[in-house]
Amino acid sequence: MKEIAFKVAERFSLALVSCLALITLSLISSESLTAQENAEENFLNAQVEQMRHYENKLIQITTGSIGLAFTAVFVIVTFNYLSLRNERESLRHELKTEIDALKKELENSQANAEKRILDDAKAKAKEEAVLASSRSLNSIENKITDSMRLHYDFIEFKLKFLEEKESSQSWSLDHEKFRVIMEKIALLCPNGNLKKGIYGSWGEGFLADSLEKIEVILSSEENNEAISLEDKMLLLQKMSDMPSQFAPLRKRIESIVTKI
Numbered sequence: 002m003k004e005i006a007f008k009v010a011e012r013f014s015l016a017l018v019s020c021l022a023l024i025t026l027s028l029i030s031s032e033s034l035t036a037q038e039n040a041e042e043n044f045l046n047a048q049v050e051q052m053r054h055y056e057n058k059l060i061q062i063t064t065g066s067i068g069l070a071f072t073a074v075f076v077i078v079t080f081n082y083l084s085l086r087n088e089r090e091s092l093r094h095e096l097k098t099e100i101d102a103l104k105k106e107l108e109n110s111q112a113n114a115e116k117r118i119l120d121d122a123k124a125k126a127k128e129e130a131v132l133a134s135s136r137s138l139n140s141i142e143n144k145i146t147d148s149m150r151l152h153y154d155f156i157e158f159k160l161k162f163l164e165e166k167e168s169s170q171s172w173s174l175d176h177e178k179f180r181v182i183m184e185k186i187a188l189l190c191p192n193g194n195l196k197k198g199i200y201g202s203w204g205e206g207f208l209a210d211s212l213e214k215i216e217v218i219l220s221s222e223e224n225n226e227a228i229s230l231e232d233k234m235l236l237l238q239k240m241s242d243m244p245s246q247f248a249p250l251r252k253r254i255e256s257i258v259t260k261i
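Each residue of the sequence shown is one higher than the last, beginning at 2 in my numbering.
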């Protein structure tokens with residue numbers, strides 16, 4: 002029994018030692034694994050930290066790049082905006098200048114057109130007025146000419162009638178021809194103006210002939226007494242207004258009238 006107990010105890014001891022050894026090995030192995038795991042964990046943590054560090058750096062770099070990109074975009078956009086605004090202002094100024102120039106040119110063109118139209122209208126109105134005036138003057142001249150022709154024809158007829166009357170043999174005395182010759186003198190030299198007479202300056206010879214006939218008539222005392230003082234004064238008044246070439250005849254007739 003002792004042997005059995007001893008063997009059992011021995012086996013139990015061996016089993017216990019084996020268990021202890023196994024436990025010890027397990028503990029040693031567990032500690033080794035734990036240390037390895039801790040080392041790996043620390044390494045992983047270090048890697049993670051390093052990755053986080055790199056990630057932070059990357060984030061910082063990315064953020065900085067994005068900021069720089071936004072800044073560059075902002076600067077470019079701002080520069081383009083300012084350039085476009087300056088270009089717009091320049092174009093607006095050029096457009097305003099062109100509009101002002103076109104407006105001024107249009108105003109000048111309109112003013113020139115209005116002036117040209119007004120000048121044309123004035124010229125046309127003046128031309129029409131001149132034509133109307135010319136027609137009116139021509140009409141007036143024609144009427145005056147017709148009137149003068151009629152008047153001249155009448156005076157010429159009257160003068161011829163007086164000449165025929167003067168040369169008539171029905172006069173009993175020469176002094177009766179005096180009034181007829183005075184009427185001839187009035188036609189040849191009205192109001193002492195020979196140029197306004199029926200023959201103008203060409204009537205000088207006819208007037209001198211008539212005055213000489215008056216002188217002959219007045220030379221007769223009988224005729225001189227038969228002629229009224231009023232007719233004599235009228236004769237002297239008309240002769241005082243006559244041209245200077247008739248002065249000798251005027252003086253002779255005056256001397257006859259005053260002498261007799």
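Note that the Cβ used here is the ideal one computed from N, Cα and C, for glycine as well.
Check                                                                                    : Outcome
Cβ distance (whole Å) where leucine 219 is taken to contact valine 258 below 8 angstroms : 6 angstroms
Alpha-carbon to alpha-carbon, leucine 103 and glutamate 88                               : 22 angstroms
Which of helix, strand or coil DSSP assigns to tyrosine 82                               : helix
Buried or exposed (CB count within 10 angstroms, at least 16 for buried), leucine 230    : exposed
Where isoleucine 228 sits in the DSSP three-state scheme                                 : coil
Proximity of leucine 195 and proline 249 at Cβ, strictly below 7 angstroms               : no
Pair within 7 angstroms by beta-carbon distance, leucine 189 and phenylalanine 207       : yes
With 16 other Cβ atoms within 10 Å as the buried cut-off, status of glycine 201          : exposed
Contact check, glutamate 240 vs arginine 251, beta carbons under 7 angstroms             : Reading off the sequence shown, one finds methionine at residue 240, where the question assumed glutamate. Contact: yes.
Through-space distance from arginine 93 to asparagine 81, alpha-carbon basis             : 17 angstroms
Between the CA atoms of glycine 198 and glycine 204 - distance to the nearest angstrom   : 7 angstroms
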